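Numbering (my numbering), first residue to last: 1475 to 1865. Note that beta-carbon positions come from the ideal geometry of N, C-alpha and C, so glycine has one too. Please read these numbers as outputs of a predicted model, since none were measured by experiment. Worksheet for the structure shown next.
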């Protein structure tokens, strides 16, 4: 295992519990660039005091990620088994069924690794060269702890490109075309090889539960619906009518199939979210409750201003479809967008429409996506439940 040192006065963030070191913080020489991406390393501060062990990629700005503060940690299969078992213990304490995010990267002490559990099948996403080099060890540890029937490697994230890694999907063991999960009494049949991201958005589970206060006997519009998670939870809680907007025909087909699985009806509207909401307004349609849950619109800091305007346009269009007293649930999974910024967007658009806004609830990601207190990037999800009223 190689040893790297930080430059003088660059250790404060890591001493406070952070797990990242940037290339300009590492004391490098001409040999640094010859290190193979993902190589395991010990990290010392500028005075030679140990900070931990992890892995390094000399070709990226975010160059080093720590796995343990114990410089003697072996980082072998048994070590990974202990980390995965600790993550499993939390989820089993919280959830009645085996459907959740099992490993959430840095927050579970495993930077570069995401694991979602769908009963007997796991979906694994590796985003760094370090974990890619340790893939066989990680998979062996996962199999030892969970004994899944199948594992899907969904290594098609754009984050891999930054690490110089190829995109690929791989199946290990037995994985059915669709797996069925249960979320608080609602059933979903999901494709884990062809679906978005890792198959399902577990992070919004607690926010979807908030629907039960607002939807009974009401009409609900689920914008960016994917497989219909918000819409079907609304139907489960007694909504009178549920409608979905998504640009993906396959996602809407899955939403309709999931509606049939739960014995409910669902209106599917295919199209761009803004264009579809504009068309609904042109048809004089209104909805009592509207959920706007887009993908990340601010993936990089330089996208911030354009992303803010996109959030504004989406929420403006949604408010125009609400009656005189309606509920808007507005979400963002962009970690570059602060909650206060989304709140200002909502206030601005309500005032521009001559309407009053009340924030009833504010939510974030569920506890299967725990927040690392030293790494703000692990807190990313915002969900505002708002009342939008005339006058």
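Neighbourhood of residue i by C-beta, 7 angstroms cutoff - its chain only, sequence neighbours within 5 removed
| i | result |
| --- | --- |
| residue 1657 | 1573 and 1679 |
| residue 1577 | 1558, 1561, 1584, 1587, 1588 and 1589 |
| residue 1771 | 1781, 1784, 1785 and 1808 |
| residue 1753 | none |
| residue 1554 | 1611, 1612 and 1615 |
| residue 1636 | 1534 |
Sequence-distant residues of its chain with Cβ nearer than 8 angstroms to residue i (five each side left out)
| i | result |
| --- | --- |
| residue 1528 | 1493, 1514, 1515, 1517, 1538, 1539, 1540, 1541, 1542, 1585 and 1604 |
| residue 1774 | 1810 |
Close beta carbons around residue i, own chain, < 6 angstroms, minus the five adjacent residues each side
| i | result |
| --- | --- |
| residue 1596 | 1589, 1622 and 1625 |
| residue 1767 | 1698 and 1805 |
| residue 1738 | 1709 |
| residue 1839 | 1677 and 1855 |
| residue 1488 | 1525 |
| residue 1649 | 1595, 1624 and 1626 |
| residue 1502 | none |
| residue 1593 | 1572 |
Residue i in three-state terms, based on DSSP
| i | result |
| --- | --- |
| residue 1858 | strand |
| residue 1617 | helix |
| residue 1813 | helix |
| residue 1757 | coil |
| residue 1688 | coil |
| residue 1724 | helix |
| residue 1864 | strand |
| residue 1708 | helix |
| residue 1799 | strand |
| residue 1597 | strand |
| residue 1670 | coil |
| residue 1525 | strand |
| residue 1569 | coil |
| residue 1556 | helix |
| residue 1489 | helix |
| residue 1730 | helix |
| residue 1545 | coil |
| residue 1605 | helix |
| residue 1737 | coil |
| residue 1774 | coil |
| residue 1783 | helix |
| residue 1701 | coil |
| residue 1842 | coil |
DSSP beta-bridge partners of residue i
| i | result |
| --- | --- |
| residue 1647 | 1624 |
| residue 1531 | According to DSSP, which records beta bridges pairwise, residue 1531 is partnered with nothing at all. |
| residue 1629 | 1642 |
| residue 1495 | 1538 |
| residue 1695 | 1717 and 1764 |
| residue 1742 | 1718 |
| residue 1663 | 1654 |
| residue 1422 | Examination of residue 1422 is not possible in this model, given that the chain is present from 1475 through 1865 alone. |
| residue 1804 | 1766 and 1858 |
| residue 1578 | 1588 |
| residue 1479 | 1501 and 1518 |
| residue 1837 | 1857 |
| residue 1832 | 1861 |
| residue 1513 | 1530 |
Residue burial classification, residue i (beta-carbon count within 10 angstroms, cutoff 16)
| i | result |
| --- | --- |
| residue 1793 | buried |
| residue 1599 | buried |
| residue 1601 | buried |
| residue 1496 | exposed |
| residue 1707 | buried |
| residue 1653 | buried |
| residue 1732 | buried |
| residue 1757 | exposed |
| residue 1717 | buried |
| residue 1642 | exposed |
| residue 1531 | buried |
| residue 1629 | buried |
| residue 1681 | buried |
| residue 1500 | buried |
| residue 1789 | buried |
| residue 1477 | exposed |
With three or more beta-carbon pairs closer than 8 angstroms as the criterion, would you say the stretch 1713-1725 touches the stretch 1738-1757? In the pairwise beta carbon analysis, the stretch 1713-1725 is classified as touching the stretch 1738-1757: at least three pairs are separated by under 8 angstroms.
Touching or not, the stretch 1660-1673 and the stretch 1611-1620, by the rule of three or more beta carbon pairs under 8 angstroms? Flag = no, the stretch 1660-1673 and the stretch 1611-1620 do not touch.
Would you call the stretch 1690-1700 and the stretch 1754-1762 touching, i.e. three or more CB-CB distances under 8 angstroms? Contact holds between the stretch 1690-1700 and the stretch 1754-1762, because three or more Cβ pairs, one in each stretch, are under 8 angstroms apart.
Below 8 angstroms, can you find three or more Cβ-Cβ pairs linking the stretch 1810-1825 to the stretch 1542-1551? No: fewer than three Cβ pairs fall under 8 angstroms.
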